[in-house]
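To keep things clear, I will list the structure first and then write my remarks on it.
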Amino acid sequence: MIVPRSKLLFWVAAVVLPFALLAAVVPGAAPVCILFVGGLGLAALADALGSRRSFGGIRIELAPVVRMSKDREGKLEVRIRNEPPRQISLRVALGLPREIPAVSEELDVVLSAESQWSRLVWICVPIKRGDYRIESAYVEGTSFLGLWSVREAVPVQSEIRVYPNLLAERRNLAALFLNRGGFGFHLQRQVGKGRDFEKLREYVPGDSFDEIYWKATARRAKPITKVFQIERTQEIYVVVDASRLSARETVSRAAGASILERLVTAALVLGLAAGQQRDLFGLLAFTNKVETFVRARNGKAHYSACRDALYTLQPRTVTPDFDELCTFIRLRLRRRALIVFLTSLDDPAIAEDFVRNVDLIRRQHLVMVNMIRPPGTTLMFTDPVASVDDLYRQVGGHLRWQKLRQLEKTLRRRGVLFSLIENERLSADLVSQYLSIKQRQLI
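The working numbering puts the sequence shown at residues 327 to 769.
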């Protein structure tokens, strides 16, 4: 595609218009006028035909996979191959998606006659996590005489992966990630002994009395001792709810941040904390079915696999199916583990369904439920009342808070831990709960 440049328009105004006016006023000068106008036309036509080969040997390459973080500045490198090397000025633009705006939409570059490769860097700030593709780049150059701009779309292939931004959460938990995990924590009573039960055997002189299993001793009418093995690494699973309630927006500094966005970030931060503690970390994402399942492991490669499984997760307008989820967990997870649910239970029907189905897994695993506190769900008169509307609003918030408190008591009777957490404190409180459970040997 070619378009006229201002230089061509200038010569048209400087040559065609005066000579056309001269031919109209002085008919005898018409042949000379036609000669000049025709010469300009032939020059413009020849320049246009010659520009068809302007991009011969020019190729644009991008990295196959580019990784960025949401709301953080990222760099996208573009390499331009110029073969055979020749000096040429180009204007380059990329077909970036709307979710990845660039600081400059187009960049100018002068290809050197001494080098086969040139390099451009786009500065981008992604505003939404997900998987995006760039399939075309746009190049503009000038013809030999500079009368035309030559434009061409060049096919490229590049995948941009925008991950959640964990910078703020890592700063809040800097003591943990700087190997100062005990900083700021209080000593708590340890329930377990730092070891796992292995088997039963007959009493041997020298065994401690607190290791005698009295129930088995009574049944067999002779002393029976419990044998323990050194505690193995523990399994931590985070279960992320991506159903319709997770699509709601939170009261956050980031405009338009959904509940799911906060849940995904908290899950990845907990994965980092589990890696620091040398535990095995896994995850599940579910809606009305199990969307993603990553079995618990450790290591940098495994954490990257968990991050890749979550960064494209988007909420769906369906009701969560806890029946299928708990059945899946019961069948797949044989070893006792800490299962952390990140969900919303402020819908009474969904809460009732969860309470009914959690019985499938609560005896085998330690279950912990974390929920972001809905806006306005607080004790009455927590905030000042300035009008009658504020009073009714606080009454409604108090009733919602009371229902969640009743749900907490119901789950606690079943051995399930329930926490209502402030939005900005979700990641920090989640890690604190995990470290407290690990310290007390509750798993």
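Positions of the beta carbon are idealized from the N, C-alpha and C atoms, including for glycine.
By alpha-carbon distance to residue 394, the top candidate from 402, 561 and 388 is 402. Excluding sequence positions up to five before and after residue 686, its CB lies within less than 8 Å of the CB of 652, 653, 655 and 656, all in the same chain and listed in chain order. Residue 682 sits exposed, since fewer than 16 C-beta atoms from the chains shown fall within 10 Å of its C-beta.
With respect to residue 568, residue 495 sits apart: the two C-beta atoms are not nearer than 8 Å.
For residue 745 and residue 734, the gap between their C-alpha atoms comes out near 8 Å. Approximately 29 Å separates the beta-carbon atoms of residue 741 and residue 723; this is outside 8 Å, ruling out the contact. Contact between the region 465 to 484 and the region 382 to 394 is present, with at least three C-beta pairs closer than 8 Å. Residue 490 carries a coil assignment under DSSP once its states are collapsed to helix, strand and coil. Per DSSP, the continuous alpha helix (DSSP H) segment holding residue 336 begins and ends at 332 to 337. The three-state reading of DSSP puts residue 585 in helix, counting H, G and I together. When secondary structure is reduced to three states using DSSP, residue 481 falls in the strand class.
The region 659 to 678 makes contact with the region 560 to 567, as at least three CB pairs between them are under 8 Å. Within the same chain, Cβ atoms closer than 7 Å to the Cβ of residue 492 are found at 591, 594 and 595, the five residues on either side in sequence being excluded. Between residue 449 and residue 427, the CB-CB gap reaches or exceeds 8 Å. By the criterion of a C-beta distance shorter than 6 Å, residue 434 is surrounded in its chain by 417, once the five residues flanking it on both sides are discounted.
From the listed residues 758, 589, 543 and 647, the smallest Cα separation to residue 676 is found for 647.
Taking C-beta atoms as the reference points, residue 405 and residue 443 count as a pair closer than 8 Å. Spanning the alpha carbons of residue 398 and residue 499 requires a straight line of approximately 19 Å. For residue 762, the enclosing alpha helix (DSSP H) covers residues 752 to 766. Residue 342 and residue 414 have their alpha carbons spaced roughly 30 Å apart. DSSP places residue 328 within a strand segment (E or B) once states are collapsed to three. In the pairwise beta carbon analysis, the region 362 to 380 is classified as touching the region 463 to 476: at least three pairs are separated by under 8 Å.
Judged by their CB atoms, residue 736 and residue 456 are not nearer to each other than the 8 Å cut-off.
Just measuring C-alpha positions, the residue of 354, 356 and 368 sitting nearest residue 338 is 368.
In the structure shown, the three-state DSSP call for residue 543 is helix. Counting C-beta atoms within 10 angstroms of its own C-beta, residue 671 has 16 or more neighbours from the protein chains shown and is therefore classed as buried.
Nearest neighbour of residue 425 by Cα position, chosen from 486, 391 and 462, turns out to be 486. Contact between residue 573 and residue 609 does not hold, since their C-beta atoms are separated by about 19 Å, which reaches or exceeds 8 Å. The alpha carbon of residue 420 has as its nearest neighbour, out of 747, 549, 463 and 437, the alpha carbon of 463.
As DSSP reads the structure, residue 696 sits in a beta bridge with 668 and 745. Distance from the CA of residue 597 to the CA of residue 467, rounded to the nearest whole angstrom, comes to 49 Å.
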